[in-house]
Amino acid sequence: ILGAEGLVGVGCSPTPGAGMLVRAAAAGAAAAGADALAHSLTSPVQGAGAAQQLQLPVFLFVEECENTVYLHFFGPDGLPLGRARERKLEHALLQAEVRRTRGDQVGRVRQSEFTPEVWAKRTAERARLRRPALRRLTAAVGDATPEDRCLRAALSALGCKLEPAWRPGIPAFHASRGGFTLTAQDERGAVVDPGQLLAVLTLIEMENGAGKAAVPAGASAAVELVAAGYGGTVLRLDRDGDQARTLYAAQPWLRQAPSAAVRLCSRMAVSGQSLEALVSKTPRFSAWKREVPLTADRGQVMQALAREQARQPSGEGLRLRTGSGWVYLTPMARRSALRIVAEGPDLELAAELCDFYAGRAAEIDRAVSEHCAQEENSGE
Numbered sequence: 003i004l005g006a007e008g009l010v011g012v013g014c015s016p017t018p019g020a021g022m023l024v025r026a027a028a029a030g031a032a033a034a035g036a037d038a039l040a041h042s043l044t045s046p047v048q049g050a051g052a053a054q055q056l057q058l059p060v061f062l063f064v065e066e067c068e069n070t071v072y073l074h075f076f077g078p079d080g081l082p083l084g085r086a087r088e089r090k091l092e093h094a095l096l097q098a099e100v101r102r103t104r105g106d107q108v109g110r111v112r113q114s115e116f117t118p119e120v121w122a123k124r125t126a127e128r129a130r131l132r133r134p135a136l137r138r139l140t141a142a143v144g145d146a147t148p149e150d151r152c153l154r155a156a157l158s159a160l161g162c163k164l165e166p167a168w169r170p171g172i173p174a175f176h177a178s179r180g181g182f183t184l185t186a187q188d189e190r191g192a193v194v195d196p197g198q199l200l201a202v203l204t205l206i207e208m209e210n211g212a213g214k215a216a217v218p219a220g221a222s223a224a225v226e227l228v229a230a231g232y233g234g235t236v237l238r239l240d241r242d243g244d245q246a247r248t249l250y251a252a253q254p255w256l257r258q259a260p261s262a263a264v265r266l267c268s269r270m271a272v273s274g275q276s277l278e279a280l281v282s283k284t285p286r287f288s289a290w291k292r293e294v295p296l297t298a299d300r301g302q303v304m305q306a307l308a309r310e311q312a313r314q315p316s317g318e319g320l321r322l323r324t325g326s327g328w329v330y331l332t333p334m335a336r337r338s339a340l341r342i343v344a345e346g347p348d349l350e351l352a353a354e355l356c357d358f359y360a361g362r363a364a365e366i367d368r369a370v371s372e373h374c375a376q377e378e379n380s381g382e
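Take the sequence shown: its letter number 295 is residue 297 in my numbering, and every next letter is one higher.
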């Protein structure tokens, strides 16, 4: 299936099972006429970086975690393949489509020179700020997982002094979900809310003169408030199409844990400010989430909610400003349900907003189901 791409990058977790699978994938791609470029990378986030920096048509990273195997496909922009290409691959797999080639057209499997050390150096170079540092920053990062080892390598390439565990006075970082989620702990030991951490990174982007930042569909509304304070703009992946995707690809520190940690540590080293001080410069929002199971069609329920609010869905979801809070409603991809995320200046308001819109969604779902049932009965 991947043989049609001509050149395929492959990498895997440092486990025997993942190694076997990626060797099989490389052999299959070569048998179909493609050259397979094998990498000694150990985490999906490195695979994304390799795909983008080497401009590979596709990169397959096989991740094995707790006896579960995940296949990550990245395009030349370093982002996961778009849904259209994913569907094409899924269809080819289901139909058992095999690309056949003659013996003299079989591709080669060769080892890439894009090593973890090269990845760390390039990641740090790309994400750091272009201003001289006032001090050498000390931070804490563990080394128990491939994601954290990637994090350590990138921060070490930046020039940070690293310690194995948090202690008062230094920030600590932890990477998860293949290296795409960053958890931060400030100098007092407080864990920074993920939404607020993205707001801090957006703040750095605006201070650095970018003027625009691209964020996922469900990102905290705090990013808009931060950007507005600098006359900037926030693009959302579900709402702003190719423009948002292109910008998102160009700002890896807004989507990858190692790049985000490098960006944060570079900003702290340049300004002399602590992580706690940076967080205090962004608006504080508390979030509350709920899922509402549906019996009616998800699209009809979303359209009814949008008409009730005199709004149009933005991309796949509906984002509403309600007083001092925000609500984001989006249909679940793999089951008949709505996800509701509410944000407010305090947890009580966020929970109230979430409960209110969950109730409205359930009421509308019942009304749509009853209406559909009446139409079916009248048709009989």
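Idealized CB from N, CA, C, for every residue including glycine.
Report buried or exposed for residue i, applying the criterion of at least 16 other Cβ atoms within 10 angstroms of its Cβ.
{"i": "Val193", "result": "exposed"}
{"i": "Leu239", "result": "buried"}
{"i": "Val113", "result": "The identity of residue 113 in the sequence shown is Gln, whereas the question assumes Val. Label assigned to Gln113: exposed."}
{"i": "Ala28", "result": "buried"}
{"i": "Leu73", "result": "exposed"}
{"i": "Glu226", "result": "buried"}
{"i": "Arg89", "result": "exposed"}
{"i": "Arg87", "result": "exposed"}
{"i": "Gln245", "result": "exposed"}
{"i": "Glu207", "result": "buried"}
{"i": "Gly2", "result": "Only positions 3 to 382 of the chain appear in the structure, and residue 2 is not among them; the question remains open."}
{"i": "Thr297", "result": "exposed"}
{"i": "Glu318", "result": "exposed"}
{"i": "Pro260", "result": "buried"}
{"i": "Arg191", "result": "Per the sequence shown, the amino acid found at residue 191 is Gly instead of Arg. When all chains shown are included, Gly191 counts as exposed."}
{"i": "Glu66", "result": "buried"}
{"i": "Gly274", "result": "exposed"}
Using the DSSP secondary-structure output, state which residues sit across from residue i in a beta bridge.
{"i": "Val344", "result": "Residue 344 is actually Ala in this sequence, not Val. The partner list for Ala344 (beta bridge, DSSP) reads Trp290, Val329."}
{"i": "Phe182", "result": "Per DSSP, none; premise fails for Phe182."}
{"i": "Pro196", "result": "Its beta-bridge partners do not exist; DSSP assigns none."}
{"i": "Pro295", "result": "Ala339"}
{"i": "Thr70", "result": "Cys67"}
{"i": "Gln14", "result": "As written in the sequence, residue 14 is Cys, which differs from the Gln given in the question. DSSP, once it has assigned bridges, lists Val64 as partnering Cys14."}
{"i": "Gln187", "result": "Ala174, Val193"}
{"i": "Leu9", "result": "Asp37"}
{"i": "Thr2", "result": "Since the first residue shown for the chain is 3 and the last is 382, residue 2 is missing from the structure and cannot be characterised."}
Thinking C-beta only, is residue j closer than 8 Å to residue i?
{"i": "Val12", "j": "Ala32", "result": "no"}
{"i": "Pro173", "j": "Glu189", "result": "yes"}
{"i": "Arg368", "j": "Val272", "result": "no"}
{"i": "Leu413", "j": "Val71", "result": "Given a span of 3 to 382 for the chain in the structure shown, any question on residue 413 remains unanswerable."}
{"i": "Cys267", "j": "Leu160", "result": "yes"}
{"i": "Leu153", "j": "Ala52", "result": "no"}
{"i": "Gly171", "j": "Pro46", "result": "no"}
{"i": "Leu340", "j": "Val294", "result": "yes"}
{"i": "Arg81", "j": "Ala230", "result": "The amino acid occupying residue 81 in the given sequence is Leu; Arg does not appear at that position. Result no, Cβ atoms of Leu81 and Ala230 do not sit closer than 8 Å."}
{"i": "Asp325", "j": "Ala352", "result": "It is worth fixing the name first, because residue 325 is Gly in this sequence and not Asp. Contact flag unset, no."}
{"i": "Pro254", "j": "Arg128", "result": "yes"}
{"i": "Gly35", "j": "Val111", "result": "no"}
{"i": "Gly199", "j": "Ala212", "result": "According to the sequence as given, residue 199 is Leu; it is not Gly. In this structure, Ala212 does not lie closer than 8 Å to Leu199 by Cβ."}
{"i": "Gly234", "j": "Lys214", "result": "yes"}
{"i": "Pro18", "j": "Thr44", "result": "no"}
{"i": "Leu349", "j": "Thr284", "result": "no"}
{"i": "Tyr330", "j": "Gly197", "result": "no"}
{"i": "Ala141", "j": "Cys162", "result": "yes"}
{"i": "Ala26", "j": "Gln258", "result": "no"}
{"i": "Val10", "j": "Leu62", "result": "yes"}
{"i": "Ser338", "j": "Arg300", "result": "yes"}
{"i": "Cys356", "j": "Trp290", "result": "yes"}
If you measure from the CB of residue i, is any heavy atom of the ligand GTP nearer than 7 Å?
{"i": "Val194", "result": "Ligands are entirely absent from the displayed structure, and the ligand GTP is therefore not among its contents."}
Can you give the beta carbon distance from residue i to residue j, rounded, assuming they're within the 8 Å contact cut?
{"i": "Ala216", "j": "Leu256", "result": "7 Å"}
{"i": "Glu345", "j": "Ser288", "result": "7 Å"}
{"i": "Ala360", "j": "Arg292", "result": "5 Å"}
{"i": "Leu131", "j": "Asn210", "result": "7 Å"}
{"i": "Leu307", "j": "Arg362", "result": "7 Å"}
{"i": "Leu139", "j": "Met270", "result": "6 Å"}
{"i": "Asp37", "j": "Gln54", "result": "Going by Cβ atoms, the distance from Asp37 to Gln54 rounds to 19 Å, so no, they are not a contact pair."}
{"i": "Ala177", "j": "Ala155", "result": "With 8 Å as the limit, Ala177 and Ala155 do not qualify as a contact, their Cβ atoms being about 11 Å apart."}
{"i": "Gln302", "j": "Val370", "result": "5 Å"}
{"i": "Ala20", "j": "Val64", "result": "5 Å"}
{"i": "Thr117", "j": "Ser42", "result": "6 Å"}
{"i": "Pro347", "j": "Met304", "result": "Actually they do not touch by this definition, with Cβ atoms about 27 Å apart."}
Any chance you could list the alpha helix (DSSP H) runs of at least 4 consecutive residues sitting entirely within the stretch 201-268, in chain order? 224-230, 243-252
At 4 residues or longer, and completely inside the stretch 113-179: list those alpha helix (DSSP H) runs for me, N to C. The DSSP assignment places complete alpha helix (DSSP H) segments of no fewer than 4 residues inside the stretch 113-179 at 118-129, 148-160, in order along the chain.
Minimum length 3: unbroken beta strand (DSSP E) runs contained in the stretch 19-58: 37-40
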